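When the count follows my numbering, it moves up by one through the sequence shown with no breaks and lands on 253 for the last residue.
Ideal Cβ positions, reconstructed from N, Cα and C, are used throughout, including at glycine.
The structure presented is a predicted model; accordingly, all values stated were derived computationally and were not measured.
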Amino acid sequence: MAQKNTAYSVIYSDEHFVVLNKKSGILIAADRYNQEAPRLDLLASEEFGKLYAVHRIDKDTSGLIIYARTAEAQQNLSVQFEKRLVQKTYHALVYGHPLWQDLHVDLALQPDGDARHRTVANKRFGKPSVTDFHVIGNCGPYSWIEAKPKTGRTHQIRVHLAENGFSIVCDPLYGGNQKPVRLSEIKRKWNGDEEEERPLLSRLALHAYKIEFTHPATGEKVSFTAPYPKDMDATRKQLAKIFGIDPLEA
């Protein structure tokens with residue numbers, strides 16, 4: 004019996020590129036710190052043949068990733084990313100309530116800047132890094148935030164939020180609070196067994212939700228969205244039910 008693929012689902016594919024929706028915890032390419040970790044490019048190449056990287060998203064982030072299927076498409080798409088012609092939209096669940104509705108962050112970042120291999124803010128040695136944030140709405144102890152990174156630095160969204168006093172739910176690197184999201188802690192009348200309760204969400208609550216770019220062969224504008232993974236979607240539904248804020252309807 005064939006093993007069911009749980010690492011990704013296919014959003015789109017043609018002879019030029021593929022768009023995948025990856026689960027949290029999967030690397031998208033080789034990692035110098037962990038050579039044995041599962042890799043999306045290797046897993047997906049079993050289905051699509053040789054794949055060429057054109058951008059990256061963090062291992063802990065779920066959502067959209069594009070791979071080119073030809074060298075020509077790789078060159079075209081890589082240039083679009085380099086010239087900031089690709090529009091990327093992420094959704095994040097953060098602790099607390101920002102006092103701003105919209106925030107423009109222009110803060111230089113230096114990857115691998117400390118002993119934990121974290122990205123750090125560094126005006127002198129960092130690379131230009133820009134993210135636009137928008138508060139979708141508050142849900143009890145949390146807020147849903149839309150992030151549109153204009154550059155593609157490692158951990159950019161996470162660091163730009165952290166530098167402004169906010170951490171994404173269950174962020175193992177930049178958040179001091181590792182508490183998972185539990186229904187018993189957000190629903191007033193919860194009648195379950197706390198010993199048996201399974202968390203709604205216990206991993207980084209960051210999802211690459213939407214991407215827009217120009218098709219490398221036809222020149223048409225294309226746009227793709229990635230459904231939330233089960234854990235994030237269960238959290239979304241419960242928060243929407245209790246607090247009336249749904250990031251997919253905002």
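Look up residue i in the DSSP assignment and say whether it is helix, strand or coil.
{"i": "Q77", "result": "helix"}
{"i": "E49", "result": "helix"}
{"i": "D63", "result": "coil"}
{"i": "Y239", "result": "Note on identity: in this sequence residue 239 is Arg, with Tyr being the wrong assignment. In this structure, R239 counts as helix in the three-state DSSP scheme."}
{"i": "S146", "result": "strand"}
{"i": "M4", "result": "Low confidence applies here, because M4 scores a pLDDT of 46, under 50, leaving its location unreliable; read the following figure in that light. Three-state result, M4: coil."}
{"i": "L96", "result": "strand"}
{"i": "I245", "result": "helix"}
{"i": "F128", "result": "coil"}
{"i": "L106", "result": "strand"}
{"i": "D135", "result": "strand"}
{"i": "L43", "result": "helix"}
{"i": "V89", "result": "coil"}
{"i": "K153", "result": "coil"}
{"i": "V172", "result": "coil"}
I'd like the list of long-range same chain contacts for residue i, defined as Cβ closer than 7 Å, with 5 residues on each side in sequence excluded.
{"i": "D109", "result": "V133"}
{"i": "H94", "result": "W147, E149, H210, Y212 and P250"}
{"i": "I29", "result": "A10, P41, L43 and K62"}
{"i": "F246", "result": "C142 and G143"}
{"i": "L204", "result": "V172, C173, P183, V184, D234, M235 and T238"}
{"i": "V97", "result": "Y145, S146, I148, L164, F169, S170, I171 and V172"}
Identify, in the order they occur along the chain, each residue of the same chain with its Cβ nearer than 6 Å to the Cβ of residue i, setting aside the five sequence neighbours on each side.
{"i": "F51", "result": "V21"}
{"i": "N141", "result": "H100"}
{"i": "A76", "result": "H19, F20 and P219"}
{"i": "A32", "result": "D44 and A56"}
Here's the rule I'm using: 16 or more other beta-carbon atoms within 10 Å means buried, otherwise exposed. How should residue i be labelled?
{"i": "L54", "result": "buried"}
{"i": "R119", "result": "exposed"}
{"i": "G66", "result": "buried"}
{"i": "L242", "result": "buried"}
{"i": "S226", "result": "exposed"}
{"i": "T238", "result": "buried"}
{"i": "Q113", "result": "buried"}
{"i": "Q159", "result": "buried"}
{"i": "H107", "result": "exposed"}
Considering residue i, what are the terminal residues of the alpha helix (DSSP H) in which it resides?
{"i": "I160", "result": "Q159 to A165"}
What first and last residue would you give for the beta strand (DSSP E) that runs through residue i?
{"i": "N24", "result": "F20 to K25"}
{"i": "I14", "result": "Y11 to S16"}
Cutting at 8 Å between CB atoms, please list the residues of its own chain near residue i, excluding the five before and the five after it.
{"i": "A5", "result": "Confidence is the limiting factor: at A5 the pLDDT is only 46, short of 50, which leaves the residue's position unreliable, though a coordinate-based value still follows. Within the same chain, A5 has no close Cβ partners at all."}
Segments of 4+ residues assigned as alpha helix (DSSP H) that fall wholly inside the region 177-231: As far as the region 177-231 is concerned, its whole alpha helix (DSSP H) runs of at least 4 residues are 186-189.
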